[in-house]
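Note sheet for the following structure.
Residue numbers (my numbering): 767 to 1021.
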């Protein structure tokens, strides 16, 4: 049996569903323990904890609204308590996955709408990462979840894509600034994925599903389990020399 003190510990935001859930489970399959966040759905978070336990690993769920940066200092204290429960005191991996969608044109997006996607999709990532940096191990890994929409222009996606584009720039600068600590930072840009994100539009709308399939080389939309294992792989020692990169995981969308 592997000594738990030698097993890495990850923090994954938005780990109770979709890509985050897939990431937590893929990490568990690799022997990585997780602290993950959920916003409102404790029931789904508990199911993930149970699934991780069934896979022979450990996970702890913590509530967090990633759009409320005023709570991050207190949250970091909760993370430290969770680390102690897992027999550790520092994080090895950070996956900034939590985010919200937005569908509106630049011309019609209100200031309140833009503020919200900024707070969750960029500001939250910036300040949560900043807060957690002192408890991330030297030689650790950071993965920020971006979007295929930073490369492909789609109607009513400009404001959302702009925040994800800013996140990709932040990721490159993190890679540069944290290099002296041996910490890598990369962004993963999923294509259209069948989850409940954005109201489940890719998963539940047949027309959108067909459109995505037609524009994807592999002929279908993505699934959470197409993305989570790739993120887990990127965090591994095998990919220690990948740094400051944007990696699209889309099945060959709009080639």
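Here a beta-carbon is modelled for each residue, glycine too, at the ideal position from N, C-alpha and C.
These figures come from a predicted structure and were not determined experimentally.
Taking residue i and residue j to be in contact with their CB atoms under 8 angstroms, please state how far apart those CB atoms are, rounded to whole angstroms.
i	j	result
residue 959	residue 785	7 angstroms
residue 799	residue 775	5 angstroms
residue 971	residue 1013	With 8 angstroms as the limit, residue 971 and residue 1013 do not qualify as a contact, their Cβ atoms being about 27 angstroms apart.
residue 803	residue 780	6 angstroms
residue 890	residue 941	Between residue 941 and residue 890 the Cβ distance is about 20 angstroms, and since that is not below 8 angstroms, they are no contact.
Out of curiosity, what's the CA-to-CA distance linking residue i and residue j?
i	j	result
residue 853	residue 883	36 angstroms
residue 1004	residue 915	28 angstroms
residue 828	residue 840	12 angstroms
residue 787	residue 975	22 angstroms
residue 864	residue 908	14 angstroms
residue 777	residue 978	31 angstroms
residue 837	residue 815	23 angstroms
residue 869	residue 1019	20 angstroms
residue 886	residue 948	27 angstroms
residue 811	residue 961	16 angstroms
residue 982	residue 996	18 angstroms
residue 987	residue 956	10 angstroms
residue 874	residue 926	13 angstroms
residue 985	residue 968	14 angstroms
Within 10 angstroms of its Cβ, does residue i collect 16 or more other Cβ (buried), or is it exposed?
i	result
residue 824	buried
residue 820	exposed
residue 1016	buried
residue 992	buried
residue 859	buried
residue 945	exposed
residue 998	buried
In this structure, does DSSP put residue i in helix, strand or coil?
i	result
residue 784	helix
residue 875	coil
residue 1019	strand
residue 867	coil
residue 803	strand
residue 972	helix
residue 949	coil
residue 900	helix
residue 791	helix
residue 858	strand
residue 798	coil
residue 940	helix
residue 852	coil
4-residue-minimum alpha helix (DSSP H) runs that sit fully inside the stretch 985 to 1016, ordered along the chain: 990 to 1001
What ranges does the beta strand (DSSP E) occupy inside the stretch 904 to 934, keeping only unbroken runs of at least 3 residues that lie completely in it? none
At which residue ranges does the stretch 808 to 846 contain complete alpha helix (DSSP H) runs of 4 or more residues, listed in the order of the chain? Within the stretch 808 to 846, the complete alpha helix (DSSP H) runs of at least 4 residues are 808 to 820.
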